[in-house]
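Protein chains: 2
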Amino acid sequence: MNGAAPPPRSEPELEARAAGIAGMTLAELARQLGRTLPRDTRSGKGFAGQLVESALGASAGSLPEPDFQHIGVELKTLPVSANGRPLESTYVCTVPLEAQASPLWRDSAVRRKLARVLWLPVEAARELPLARRRIGSAILWSPDAAQEARLRADWEELMDLIALGQVAQITAHQGSCLQVRPKAADASARRWGVDERGVRVRTLPRGFYLRSSFTAAILARRYAGIPR
Amino acid sequence: MNGAAPPPRSEPELEARAAGIAGMTLAELARQLGRTLPRDTRSGKGFAGQLVESALGASAGSLPEPDFQHIGVELKTLPVSANGRPLESTYVCTVPLEAQASPLWRDSAVRRKLARVLWLPVEAARELPLARRRIGSAILWSPDAAQEARLRADWEELMDLIALGQVAQITAHQGSCLQVRPKAADASARRWGVDERGVRVRTLPRGFYLRSSFTAAILARRYAGIPR
DNA sequence: CGGGATCCAAGTGTGGATCCAC
DNA sequence: GTGGATCCACACTTGGATCCCG
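Heads up: the protein sequence lines correspond to chains X and V, in order. Residues 4 to 231, numbered by the numbering used here, are exactly what the first sequence covers, in order. Residues 4 to 231, numbered by the numbering used here, are exactly what the second sequence covers, in order.
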């Protein structure tokens, strides 16, 4: 196997490929794919995610489509500690800052993105160099009724504020499982939004993120499976 | 003088700068600005335009704003033969392919772009190497009533077809002074548009262009002034 | 600990236009 | 001659996320 894989044609095929890379280190996988490792994790924040995209046949760098568009599955790597506990929140998608009337959960990007996800744990303890980090066992997941209800409640609360032009008042404290945080090159970045009076204004771009307590619960149901 | 100039603060200041570079070759101007010439004109299609932007203090590579936004003036280089006759049509702006109801000329990008233009003739005969091409004398222009009427008539005819989803039927034969032609990296490029039934479809991106007979008339009123 | 700040790659779109086969 | 095709640069956006100070 060398170079990027073609798109998988079914969920079982995708799961089989994920099983095939479980236990490998990022260095091993990078060598197989002919990719070089970034010098450090600061300058290579997205490296692990892009590496497994190539390995599993995701249409790399594509647009609002799911990673595996034929089969409607989104791929998310999950940085975990040695104990298999998520170390970071998970980015979902950008926040639509120009929303005016309160939109419907049914039509939301958050619901579409999270409808079907292949979670792939990857070791990410700060002291462990990129090269030695190992890939865990994947979990193919859809939200159950309780999870979807919590996601929806958080999303509706947050989107109501945005539709009212209150985005500047939102902090990452809000939302029990889904939060809104900055998503930008730096704090000076600006995107078009709407203020309290409906006037178009420049504002900091933001994204929806899943709290790590939420992804921890997903992993807890099925052992993350980092080989020892 | 070295590096790009700051924005001019008035039309007379802009005209004075243009007079200052009239008669210079592209090689001379490039050396003053510390820029290197492209190998050939095929790979350097936009070079002359970008060079004079720097020389005159246009906010290079900026967005839908006029080149000189403070004073509301657009800069257009005009490739001319040894006789001062325009050799090419002039690109104005992209065609809004998603327009539904027929929009108003008053609000159009074409009218805004052409409201005030500094035309700068530049020698461009095919046999003349980039380095030896000379810059002519600038003309600061606004459309007179007759010119605006022709532009408006062409624009309204073309935009009506686009609003009806007939963009695929438009050819460069239409329009007495303003035409629609492809504006893309190649013929496979696609942008969102609307078909006859109002359905969103992928279509070839297009731009508005001024026929060279139109720009020739502008130059004819005031001698292009390539020094001999 | 975690909320706010930041980092990289690649795709897309726009602005500058001229090329070239028919 | 000119209508359809193409070329370059670079700003902007999105998708991949983790960093790091209070």
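Every residue, glycine too, gets a C-beta built ideally from N, C-alpha and C.
Is R193 (chain V) helix, strand or coil when you go by DSSP?
coil
With burial defined as no fewer than 16 other Cβ atoms inside 10 Å of the residue's Cβ, what is the status of R203 (chain X): buried or exposed?
exposed
Given this structure, state the Cα-to-Cα distance separating Q169 (chain X) from A149 (chain X), to the nearest angstrom.
28 Å
Take P208 (chain V) as the anchor and find which of V:V197, V:L131 and V:A33 has the nearest alpha-carbon.
V:V197
May I ask you to report which of helix, strand or coil DSSP gives T218 (chain V)?
Note: T218 (chain V) maps to helix in three-state DSSP.
Along the chain, where does the alpha helix (DSSP H) that runs through W158 (chain X) open and close?
Counting along the chain, the alpha helix (DSSP H) containing W158 (chain X) begins and ends at A148 to A166.
DSSP three-state label for Q177 (chain V), please.
coil
E91 (chain V): buried (16+ other C-beta within 10 angstroms of its C-beta) or exposed?
exposed
DSSP puts R203 (chain X) in a beta bridge; with which residues?
X:V197
Counting along the chain, where does the beta strand (DSSP E) carrying G210 (chain V) start and finish?
R209 to L213
Measuring CA to CA, which of X:V83, X:R184, X:Q53 and X:P15 is closest to E130 (chain X)?
X:V83
Which term fits W144 (chain X), buried or exposed, when burial requires 16 or more other beta carbons within 10 angstroms of its beta carbon?
buried
Say whether the stretch 65-79 of chain X touches the stretch 119-129 of chain X, bearing in mind that this needs 3 or more beta-carbon pairs closer than 8 Å, one atom from each stretch.
Cβ pair count under 8 Å is three or more, so yes.
With a threshold of 16 other CB atoms inside 10 Å of the CB of L107 (chain X), please say whether the residue is buried or exposed.
exposed
With burial defined as no fewer than 16 other Cβ atoms inside 10 Å of the residue's Cβ, what is the status of S215 (chain X): buried or exposed?
buried
Hey, would you say L59 (chain X) sits closer than 8 Å to L29 (chain X), going by beta carbons?
no
Sequence-distant residues of its chain with Cβ nearer than 6 Å to G47 (chain V) (five each side left out):
For G47 (chain V), where only same-chain residues beyond five positions count, the Cβ hits under 6 Å are P41.
Starting from the N-terminal side, write out each stretch of the beta strand (DSSP E) that is 3 residues or longer and does not extend beyond the stretch 67-107 of chain X.
Restricted to the stretch 67-107 of chain X, the beta strand (DSSP E) segments that are unbroken, complete and at least 3 residues in length are 77-83 and 93-97, listed in chain order.
Per DSSP, cross-strand counterpart(s) of V125 (chain V):
V:P82 and V:I138
So is R137 (chain V) buried or exposed if we call it buried at 16+ other beta carbons inside 10 Å?
buried
Give the straight-line distance between the Cα atoms of P11 (chain X) and S62 (chain X), rounded to the nearest whole angstrom.
10 Å
Sequence-distant residues of its chain with Cβ nearer than 6 Å to P9 (chain V) (five each side left out)
G60
Does the separation of the CB atoms of A102 (chain V) and I24 (chain V) fall below 8 Å?
no
Quick check on this structure: which residue in V:T44, V:G139 and V:R135 has the alpha carbon closest to the alpha carbon of R88 (chain V)?
V:G139
Where P185 (chain X) sits in the DSSP three-state scheme:
strand
According to the neighbour-count rule (16 or more other Cβ atoms, all chains shown, within 10 Å of its Cβ), is P132 (chain X) buried or exposed?
exposed
Nearest residue (CA-CA) to P124 (chain X), options X:K186, X:A223 and X:S13
It is X:A223.
Compare the C-alpha of L100 (chain X) against each of X:G210, X:R225, X:L36 and X:I221 and name the closest.
X:G210
Reduced DSSP category for L117 (chain V) - H, G, I as helix; E, B as strand; rest coil:
helix
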